[in-house]
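Everything below concerns the one structure shown next.
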Amino acid sequence: NELQDDIDRKINIFSAISEGIGQNLNIRIAENEVEISTEDVNIAKANLLPEVTASASHTVVDDHLATISNGQSPEHKGAAGIQLSQVIYSEQVTANKQIQELLLKATESALEVQSLDIVLDVSTAYLNLMQAKTAENIQKQNLDVTRKNLELARISSSLGQSGPSDLYRWQGEIANAKSNLLNATAQRKQAEMALNQILYRPISEAFLTEEIDITDSRLLVNNQAIGKYVNNPRDFYKYADFMVGRAKANVPDLKQLDYNVRAQERSVLLNRRNRYIPNLTVGGGYNYELYRNGAGTEFPTGFGVPNDWNWNLQVGAAIPIFQGGSRTAKVQQSRVQLSQLSTQRLNTERLIEQQVRSELENIRASYRNMTLTKDAEEAAVKNFGLIQDSYSKGVVTITQLLDAQNAAISSQLNSANAIYIFLSDLLNMERATGAYYMLMTNEQKTDYVNQLESFFNR
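In this text, residue positions in the sequence shown follow our numbering: the first is 93, and each later residue adds one.
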């Protein structure tokens, strides 16, 4: 009774995924990146809006200089003013706004990438835990069976059908079974800690898990798309073409690169236009003299006396004539960077296609393997039952029984693992296509099925 059943925290693969997306630290970091990028857009937009500055000053000059300035520079002078400037057109400012908006979308796509990765990480950790728990249960059953075989050996020995060597052998097998169980329990506990780590939970916090039902309608398996196509080579490769096309249209990895490419294209255009498009600005201000005192406050007789206030307005255009060849270098550099991004995008697209097709081949094998390992398990368990019965009657040797028992254990592990391997292959394929079926809405699932049927019917 080492397993607790009075634990409040209970999770399944769906709740674990939801919790992982909400709590994982990598997701929080990616969300902060989106917030930072959003503020970069706001800063870029601010450069297109008017800029208003209010000012106030007190000026003190040398009294001798003030005396001979004819009232132009009094010894003490206070003034206040307000200035306004507005960009009419600036290729640099306009381009920066557009580039920052594209980079924001790229950052949002990076958040989607991180979310997809977290779903896969949580799902994989959950599957690993289920696999470890299954192995632990099988090792418990093996220990129970070995104890039963020891009792059979004692009975056989008391009847004179076998000697004490069988008893010693089974005692040794019980020790081995306990050792295997301890190792399986340790792996199960490690898998629990790994899942807690991903979910940002206390590492040693206890929880109960729900088994994964492969017939659950929320999983793609129940859609029967896989089973329908894996056994028909022509349909399978056509199905692979459909999934590759879906991946290229949906994966945020490519969308992120697309936005970066568009941002770099705008940077190339900016550096080209900077050669011949001027910056246009308008500005003006209003100033008011608050006070003047000390030497040099009076204007000489016959001089005009200025108003206490004045205003100004100016419109300007500026274009750089020569900057030491830096503009040409910037154009060339931005073109090389664009070429680099475009090549990276093409390479990523090819890698995604390779991954989708590779994962589908894995699914094709693991889907069939589920049936084969189940058949092998049933045959091995039946064989073990017959051998065990024959051993109790003294017909077969302990070596034959041990071989049958080990074969049964191995087949049970293989059969259980086959399910988790298939689910893992399925999740990896869905990650490669950029969408998890179990997280789709009903409308998205319907749309997916309709697209698949249309693809096959065209």
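Where is the CB? At the ideal position from N, CA and C, for every residue including glycine.
Below 8 Å between beta carbons: does that hold for LEU346 and ARG437?
In this structure, ARG437 lies closer than 8 Å to LEU346 by Cβ.
Counting C-beta neighbours from all protein chains within 10 Å, is the total for VAL448 16 or more, i.e. buried, or is it exposed?
Taking all protein chains in view, the Cβ of VAL448 is crowded by 16 or more other Cβ atoms within 10 Å, so the residue is classified as buried.
Put GLY386 into one of helix, strand or coil per three-state DSSP.
It is coil, neither helix nor strand.
For ASN404 and PHE391, what's the separation of their Cα atoms in angstroms?
In a straight line, the C-alpha of ASN404 is about 23 Å away from that of PHE391.
Throw me the rounded Cβ distance for the GLN178 and VAL407 pair, which I believe falls under 8 Å.
Going by Cβ atoms, the distance from GLN178 to VAL407 rounds to 10 Å, so no, they are not a contact pair.
Whole-angstrom distance between LYS466 and ASN314, CA atom to CA atom:
In this prediction, ASN314 scores a pLDDT of 48, lower than 50, which makes its location untrustworthy; the coordinate-derived value is nonetheless stated afterwards. Distance between the alpha carbons of ASN314 and LYS466: 19 Å.
The segment 378-391 contacting the segment 459-478, beta-carbon criterion three pairs below 8 Å
With the cut-off at 8 Å, the segment 378-391 and the segment 459-478 do not touch.
Using the Cβ count rule (16 or more neighbours within 10 Å means buried), how would you classify PRO166?
Under this definition PRO166 is a buried residue.
Who are the Cβ neighbours of ARG364 in its own chain at under 8 Å, not counting the five residues just before and after it?
Excluding sequence neighbours, ARG364 sits near VAL423.
Cα separation between GLY173 and ASP400?
Going by the C-alpha atoms only, they are around 11 Å apart.
Please name the residue or residues paired with ALA171 in a DSSP beta bridge.
In DSSP, ALA171 forms a bridge with SER149 and GLU381.
Opposite THR301 in the DSSP bridges: which residues?
Note: THR301 sits in a beta bridge opposite ILE103.
Please check the pair ALA136 and LYS197, which I expect to be a contact at CB under 8 Å, by giving their CB distance rounded to whole angstroms.
In fact, because the Cβ distance is near 14 Å, the residues do not count as touching under 8 Å.
Do ALA508 and THR226 have their C-beta atoms closer together than 8 Å?
Contact check for ALA508 against THR226 passes: the beta carbons are separated by less than 8 Å.
Note the first and the last residue of the continuous alpha helix (DSSP H) segment covering ALA496.
Start and end: 490-525.
Is it buried or exposed, ASP481, if we count other Cβ atoms within 10 angstroms and call 16 or more buried?
Its Cβ having fewer than 16 others within 10 Å, ASP481 is exposed.
Beta-carbon gap between LEU518 and ILE455 smaller than 8 Å:
Less than 8 Å divides the Cβ of LEU518 from the Cβ of ILE455.
Counting C-beta neighbours from all protein chains within 10 Å, is the total for TYR368 16 or more, i.e. buried, or is it exposed?
TYR368 comes out exposed.
Spell out whether any CB of chain B is found under 8 Å from the CB atom of VAL126.
Among the chains in the structure shown there is no chain B, since it carries only a single protein chain.
Between the segment 199-218 and the segment 343-359, do at least 3 Cβ pairs fall closer than 8 Å?
Enough Cβ pairs lie closer than 8 Å, so yes.
C-alpha distance - ASP435 paired with GLN279, whole-angstrom precision
Looking at the sequence itself, residue 435 is Thr, so the reference to Asp does not match. Taking the straight line from one Cα to the other gives about 43 Å.
Which runs of the beta strand (DSSP E) at least 3 residues long sit entirely within the segment 378-463? Give them in chain order.
Taking only runs of at least 3 residues, the beta strand (DSSP E) segments lying wholly in the segment 378-463 are 401-410.
Range of the contiguous alpha helix (DSSP H) that encloses THR216:
Run containing THR216: 183-250, per the alpha helix (DSSP H) assignment.
Just checking, does the segment 98-117 make contact with the segment 291-305 on the three C-beta pairs under 8 Å criterion?
Yes, the segment 98-117 touches the segment 291-305.
GLU127 versus GLN432: straight-line alpha-carbon distance, rounded
Between GLU127 and GLN432, the alpha-carbon positions lie close to 27 Å from each other.
Give me the residue from ARG261, LEU287, ILE247 and GLN231 with the minimum Cα distance to LEU273.
Looking at the Cα atoms, GLN231 is the closest of the given residues.
Test item: CB-CB of LYS537 and TYR529 under 8 Å:
Yes.
By a C-beta neighbour count over all protein chains shown, 10 Å radius and 16 as the cutoff for buried, is ALA138 buried or exposed?
Note on ALA138: under 16 other CB atoms within 10 angstroms of its CB, so exposed under the neighbour-count rule.
Tell me which residues share the same chain as VAL214 and place their Cβ nearer than 6 Å to its Cβ, disregarding the 5 neighbours each side in the sequence.
Same-chain partners within the cutoff: ALA108, ILE109, GLY112 and ILE290.
For a quick check, are the C-beta atoms of LEU349 and THR440 less than 8 Å apart?
Against a cut-off of 8 Å, the Cβ pair of THR440 and LEU349 comes out as a contact.
Straight-line CA distance for ILE413 to LEU195?
Per the coordinates, the alpha-carbon of ILE413 lies some 31 Å from the alpha-carbon of LEU195.
When you compare the CB positions of LYS485 and GLU302, do they come within less than 8 Å of one another, or not?
Going by C-beta atoms, LYS485 is not nearer than 8 Å to GLU302.
Alpha carbon to alpha carbon, what distance is there between LEU140 and THR186?
For THR186 and LEU140, the distance between alpha carbons rounds to 8 Å.
Run through the segment 112-141 for me and flag every whole alpha helix (DSSP H) of 4 or more residues, listed as ranges in chain order.
117-138, all fully within the segment 112-141.
Rounded to the nearest angstrom, what separates ASP100 and PHE299 at their Cα positions?
The straight-line gap from Cα to Cα measures roughly 7 Å.
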